[in-house]
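**Q**
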Amino acid sequence: MKQALALSLLAGTLAAQTVTTKPLPPAVEAAENTVSADSIRAFDQFLADDLLEGRYPGQRGGELAAKFIATQFASYGLRPGGDNGTYFQQVDFTSVKSDPAKTSFTLVPKSGAPILLRFAEDFVVFNSKLEPEAAIDAPIVWVGYGVTAPEYKWDDYKGVDVKGKVILCIVNDPPSDDPKFFGGKGMTYYGRWTYKFEHAAEMGAVGALIIHRTDLASYGWDVVRNSNTSEKTFLTQDKDPKLSAASWIQLDIAKKLFESAGTTLDAEFAAAAKSGFQARELPVSLKATVVSSVRHFQSPNVIGIYAGVLRTAQDQAVVYSAHYDHLGVKADAKPGEDAIFNGAADNGTGTAMLLEIARAVTSSKVLPPHSMVFAAVTAEEQGLLGSLYLAQHPPVPLGQINLNLNFDEILPLGMGSELHAGGVQRTSFYSTMEAAGKKFGYTIPAPRPDVSGGYYRSDHFSFAHAGVPAFSLGQGGTYKGHDKDWGRKQAELFNQNDYHNVSDNFRPEWDFSGLANLCRLGIELGFVSLTQPPITWNPGDEFEAARKQSLSK
Numbered sequence: 010m011k012q013a014l015a016l017s018l019l020a021g022t023l024a025a026q027t028v029t030t031k032p033l034p035p036a037v038e039a040a041e042n043t044v045s046a047d048s049i050r051a052f053d054q055f056l057a058d059d060l061l062e063g064r065y066p067g068q069r070g071g072e073l074a075a076k077f078i079a080t081q082f083a084s085y086g087l088r089p090g091g092d093n094g095t096y097f098q099q100v101d102f103t104s105v106k107s108d109p110a111k112t113s114f115t116l117v118p119k120s121g122a123p124i125l126l127r128f129a130e131d132f133v134v135f136n137s138k139l140e141p142e143a144a145i146d147a148p149i150v151w152v153g154y155g156v157t158a159p160e161y162k163w164d165d166y167k168g169v170d171v172k173g174k175v176i177l178c179i180v181n182d183p184p185s186d187d188p189k190f191f192g193g194k195g196m197t198y199y200g201r202w203t204y205k206f207e208h209a210a211e212m213g214a215v216g217a218l219i220i221h222r223t224d225l226a227s228y229g230w231d232v233v234r235n236s237n238t239s240e241k242t243f244l245t246q247d248k249d250p251k252l253s254a255a256s257w258i259q260l261d262i263a264k265k266l267f268e269s270a271g272t273t274l275d276a277e278f279a280a281a282a283k284s285g286f287q288a289r290e291l292p293v294s295l296k297a298t299v300v301s302s303v304r305h306f307q308s309p310n311v312i313g314i315y316a317g318v319l320r321t322a323q324d325q326a327v328v329y330s331a332h333y334d335h336l337g338v339k340a341d342a343k344p345g346e347d348a349i350f351n352g353a354a355d356n357g358t359g360t361a362m363l364l365e366i367a368r369a370v371t372s373s374k375v376l377p378p379h380s381m382v383f384a385a386v387t388a389e390e391q392g393l394l395g396s397l398y399l400a401q402h403p404p405v406p407l408g409q410i411n412l413n414l415n416f417d418e419i420l421p422l423g424m425g426s427e428l429h430a431g432g433v434q435r436t437s438f439y440s441t442m443e444a445a446g447k448k449f450g451y452t453i454p455a456p457r458p459d460v461s462g463g464y465y466r467s468d469h470f471s472f473a474h475a476g477v478p479a480f481s482l483g484q485g486g487t488y489k490g491h492d493k494d495w496g497r498k499q500a501e502l503f504n505q506n507d508y509h510n511v512s513d514n515f516r517p518e519w520d521f522s523g524l525a526n527l528c529r530l531g532i533e534l535g536f537v538s539l540t541q542p543p544i545t546w547n548p549g550d551e552f553e554a555a556r557k558q559s560l561s562k
């Protein structure tokens, strides 16, 4: 009874605050103070060990990681949130892997010599229709950026029929300096490769060629190659239209393609950037054979629930998430070469932080007013599939989830000065986040153009798309003991050399103090969110309608 009274007083104290400007009750601060940088380090070191073989979904390393996480959840006393009283929410997947020896691409101009492309060097491809073999001989239709966006009065497919044909498009959005037009210098979902393939399939195309350019994609060809020469995985339940050839091509191949069609890449890129661009069929065909192995398997989301003490019709929950999967083992590694994509930063760090928040909260014995859900999700690297399934099959109703805090690829560089929570300015939670960040030594920088489309590239997007206010927490700015540009340079070096590469290994010199600070902040934000009215997206935001729909149920 005394505990219940104390907790009800805690709930009342928190509910009376619109922003976190005063110290929280000792029980919550005790949980924050329990967070240990050494604990996060240990979790990350284990998850990034060669023993886990790159934590690929549906393979031994991924299963080992999932069982390790579930064992930790059980030791913390979390209630199972998966299937049949377990911690595992099993997700059915179907994957395809192109056979490089039997897969071929040839560009065939109406006049001139055919252009034979090299697998992995000039192009990558996967068959999202999940066909063991597909033969394609179809004309190529140039559709610019491949976007149909009525809200911007933009339609790259206007006036052309692409049914049974192969479309050719540029990654990213039509360029603009106006933040109200395709996000200005930032990337919207229309710029993502996932959208390009999805929309091409919806329009009836049999294949799609995305032209890679590093500055537009925000990553180099190595990332494209490593992400598309291993298995590509899909939710088995997904019945949306798909492509027999979902492909990327190198920029120099695109130059040759346009030249064989009697034009130039520069001229076509310039035309595609203008309003009124007209798509057209090129005098070039793609003759291709895509041979694939097909695999059906399961891989789990791992879910633990820390139940709250209040049970009302307006029950709420906060969901903490991080993906535990990575890219597995390199298929074409040479003898003696490092072949394991350990994913120490991506996303051993985020998973370690998820585990540490759960450990700290439960070990402090403080009970939240409402439930805290801890979800280690699978198949993020395959297109946010685990979190997509979780958002479609949540352990609590979507309308009761007041907040999703996600942790993904946070470099252990020490204490940063800036709090990064992309999208928070678009919600009613911004002032709360700003005040809490200040308490933990952070300032939130003014919004910057999201040039890489980062908001659409991590698991929080699955929740946001379903209406839940959702953000990935990170840090940046000036790092303690370093000059103001050091952290930015470290991040750039990681993206250039280690992102989705076998060199993303655990490093003994890493400083986990900043990650511990973010965990403490995450605990604070979670408790505060459970005492606030439903957090909403700002009027007119792209996710506002989905939030209203979920809250109405």
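In my numbering, each residue's number is its place in the sequence shown (first place is 1) plus 9. Quick reminder that beta carbons are idealized off the backbone N, C-alpha and C, glycines included.
Distance check for Met212 and Ala147, CA to CA, integer angstroms please.
**A** Within the sequence shown, residue 147 is the residue found at index 138, counting from 1. Within the sequence shown, residue 212 is the residue found at index 203, counting from 1. Each residue's Cα considered, the two are about 15 Å apart.
**Q** What's the gap between the Cα of Thr545 and the Cα of Ile419?
**A** Counting from 1 along the sequence shown, the entry for residue 545 is found at position 536. Counting from 1 along the sequence shown, the entry for residue 419 is found at position 410. Between Thr545 and Ile419, the C-alpha separation is close to 26 Å.
**Q** Would the stretch 370 to 386 and the stretch 340 to 347 be scored as touching if the rule is three or more Cβ pairs under 8 Å?
**A** No, because fewer than three Cβ pairs between the stretch 370 to 386 and the stretch 340 to 347 fall closer than 8 Å, the two stretches do not touch.
**Q** Candidates Asp247, Cys178, Thr197: which alpha carbon is nearest Ala217's?
**A** Here residue 217 corresponds to residue number 208 of the sequence shown, with the count starting at 1. The option with the nearest alpha carbon to Ala217 is Cys178.
**Q** Pick helix, strand or coil for His379, following the three-state DSSP scheme.
**A** Within the sequence shown, residue 379 is the residue found at index 370, counting from 1. His379 falls in the coil class under three-state DSSP.
**Q** Let's test the definition: count the other Cβ atoms within 10 Å of the Cβ of Arg556 and tell me whether it reaches 16, buried, or not, exposed.
**A** Translated into positions along the sequence shown, residue 556 becomes position 547. Result: buried.
**Q** Assign Tyr329 to one of three DSSP states: helix, strand, or coil.
**A** Taking the sequence shown and counting its residues from 1, one reaches residue 329 at position 320. Here Tyr329 sits in strand by DSSP.
**Q** Output yes or no for whether 8 Å exceeds the beta carbon distance between Thr298 and Ala444.
**A** For the purposes of this step, residue 298 is taken as residue 289 along the sequence shown, with counting starting at 1. For the purposes of this step, residue 444 is taken as residue 435 along the sequence shown, with counting starting at 1. In this structure, Ala444 does not lie closer than 8 Å to Thr298 by Cβ.
**Q** I need the DSSP call for Ile410, collapsed to helix, strand or coil.
**A** Here residue 410 is taken as the residue at index 401 of the sequence shown, counted from 1. If DSSP states are grouped into helix, strand and coil, Ile410 belongs with the strands.
**Q** Taking all protein chains shown into account, do 16 or more other C-beta atoms lie within 10 angstroms of the C-beta of Asn510, making it buried, or fewer, making it exposed?
**A** Position 501 of the sequence shown holds residue 510. Its Cβ being crowded by 16 or more others within 10 Å, Asn510 is buried.
**Q** By Cβ distance, which residues of its chain are closer than 7 Å to Val133, with the 5 residues on each side in sequence left out?
**A** Sequence index remark: in the sequence shown, residue 133 carries index 124 (1-based). Taken in chain order, the residues that qualify are Val233, Arg234, Asn237, Thr238, Ser256, Trp257.
**Q** Going along the chain, which residues of its own chain have a beta-carbon closer than 7 Å to the beta-carbon of Val44, five neighbours each way excluded?
**A** Walking along the sequence shown from the start, residue 44 turns up at place 35. Closer than 7 Å at Cβ, skipping near neighbours: Glu365, Ala369, Ala525, Cys528, Arg529.
**Q** Tell me the residue span of the alpha helix (DSSP H) that contains Asn310.
**A** If you number the sequence shown from 1, residue 310 lands on position 301. No alpha helix (DSSP H) contains Asn310, which is instead part of the beta strand (DSSP E) from 289 to 315.
**Q** Closest by CA to Ile124, which one among Asn310, Phe267, Thr540, Ala384?
**A** The residue given as residue 124 occupies position 115 in the sequence shown. Ile124 has its Cα closest to that of Phe267, out of Asn310, Phe267, Thr540, Ala384.
**Q** So Thr103 is in the alpha helix (DSSP H); what residue range does that whole segment cover?
**A** Residue 103 sits at position 94 when you count from the first residue of the sequence shown. Counting along the chain, Thr103 falls outside any alpha helix (DSSP H), though it belongs to the beta strand (DSSP E) covering 97 to 107.
**Q** Less than 8 Å between CB atoms is the rule here; does Val105 satisfy it with respect to chain B?
**A** In summary, chain B is missing from the structure at hand, where a single protein chain is found.
**Q** Pick helix, strand or coil for Thr80, following the three-state DSSP scheme.
**A** The residue labelled residue 80 in the question sits at position 71 within the sequence shown. Three-state result, Thr80: helix.
**Q** Please work out which residues of its chain come closer than 7 Å, Cβ to Cβ, to Asn506, disregarding the five sequence neighbours upstream and downstream, and give them in chain order.
**A** What you label residue 506 is simply residue 497 of the sequence shown in a count that begins at 1. Around Asn506: Ser512.
**Q** Would Asp249 be called buried (16 or more neighbouring beta carbons within 10 Å of its own) or exposed?
**A** Here residue 249 refers to the residue found at position 240 when the sequence shown is read from its first residue. With fewer than 16 Cβ atoms within 10 Å of its Cβ, Asp249 is classed as exposed.
**Q** Which two residues bound the contiguous beta strand (DSSP E) that contains Lys241?
**A** To locate residue 241, count along the sequence shown from 1; it is residue 232. Where Lys241 is concerned, the enclosing beta strand (DSSP E) stretches over 241 to 244.
**Q** Answer with buried or exposed for Asp53, where buried requires no fewer than 16 other C-beta atoms within 10 angstroms of its C-beta.
**A** Stepping through the sequence shown from its first residue, residue 53 is reached at position 44. So Asp53 counts as buried.
**Q** Would you list the residues sitting across from Pro118 in a DSSP beta bridge?
**A** One-based indexing of the sequence shown puts residue 118 at position 109. In DSSP, Pro118 forms a bridge with Val293.
**Q** Could you tell me which uninterrupted alpha helix (DSSP H) segments, each at least 4 residues in length, are contained entirely in the stretch 450 to 498, listed from first to last along the chain?
**A** Here the runs fully enclosed are 469 to 474.
**Q** Which residues share a DSSP beta bridge with Asp164?
**A** The sequence position of residue 164 within the sequence shown is 155, counting from 1. The partner list for Asp164 (beta bridge, DSSP) reads Thr157.
**Q** From Thr29 to Leu87, what distance separates their C-alpha atoms?
**A** Counting from 1 along the sequence shown, the entry for residue 29 is found at position 20. Counting from 1 along the sequence shown, the entry for residue 87 is found at position 78. Because Thr29 sits at a pLDDT of 39, beneath the cut-off of 50, its placement in the model cannot be relied upon, and the following sentence gives the value as read from the coordinates. Distance between the alpha carbons of Thr29 and Leu87 is about 27 Å.
**Q** Output the distance between the C-alpha atoms of Thr514 and Tyr228, rounded to the nearest integer angstrom.
**A** To locate residue 514, count along the sequence shown from 1; it is residue 505. To locate residue 228, count along the sequence shown from 1; it is residue 219. Going by the sequence as given, residue 514 is Asn instead of Thr. Cα to Cα, the separation comes out at about 19 Å.
**Q** For my contact list, Arg64 and His469 are in at a C-beta cut-off of 8 Å; report their separation, rounded to the angstrom.
**A** Taking the sequence shown and counting its residues from 1, one reaches residue 64 at position 55. Taking the sequence shown and counting its residues from 1, one reaches residue 469 at position 460. The pair is not a contact, with the Cβ atoms about 20 Å apart (cut-off 8 Å).
**Q** Would you list the one or two residues that DSSP bridges to Thr358?
**A** Reading the sequence shown from its first residue, position 349 is the one you call residue 358. Thr358 is not bridged to any residue.
**Q** On the premise that Thr115 lies in contact with Val126, defined as a C-beta separation below 8 Å, what is that separation, rounded to the nearest angstrom?
**A** For the purposes of this step, residue 126 is identified with residue 117 of the sequence shown, where counting begins at 1. For the purposes of this step, residue 115 is identified with residue 106 of the sequence shown, where counting begins at 1. What sits at residue 126 in the sequence shown is Leu, not Val. Rounded, the Cβ-Cβ distance is 7 Å, consistent with contact.
**Q** DSSP has Gly576 in a bridge; who is on the other side?
**A** The requested residue 576 is not part of the displayed model; the chain covers only 10 to 562.
**Q** Relative to the alpha-carbon of Asp247, which residue among Leu394, Asn351, Gly200, Lys167 has its alpha-carbon at the smallest distance?
**A** Indexing the sequence shown from 1 puts residue 247 at position 238. For Asp247, the nearest C-alpha among the options comes from Leu394.
**Q** Where does Leu225 fall in DSSP's three states?
**A** Numbered from 1 along the sequence shown, position 216 holds the residue referred to as residue 225. Reduced to three states, the DSSP call for Leu225 is helix.
**Q** Please report the distance separating the alpha-carbon of Pro404 from that of Ser559.
**A** The residue labelled residue 404 in the question sits at position 395 within the sequence shown. The residue labelled residue 559 in the question sits at position 550 within the sequence shown. Cα to Cα, the separation comes out at about 14 Å.
**Q** Would you call Arg289 buried or exposed, if buried means 16 or more other Cβ atoms sit within 10 Å of its Cβ?
**A** In the sequence shown, the residue the question calls residue 289 occupies position 280. It counts as exposed.
**Q** Relative to the C-alpha of Tyr333, which candidate in Lys76, Ala254, Ile410 has its C-alpha closest?
**A** Here residue 333 is taken as the residue at index 324 of the sequence shown, counted from 1. Checked all of Lys76, Ala254, Ile410; the closest Cα to Tyr333 is Lys76.
**Q** Which two residues bound the contiguous beta strand (DSSP E) that contains Ser256?
**A** Counting from one through the sequence shown, the residue named residue 256 turns up at place 247. Note, Ser256: beta strand (DSSP E), 254 to 258.
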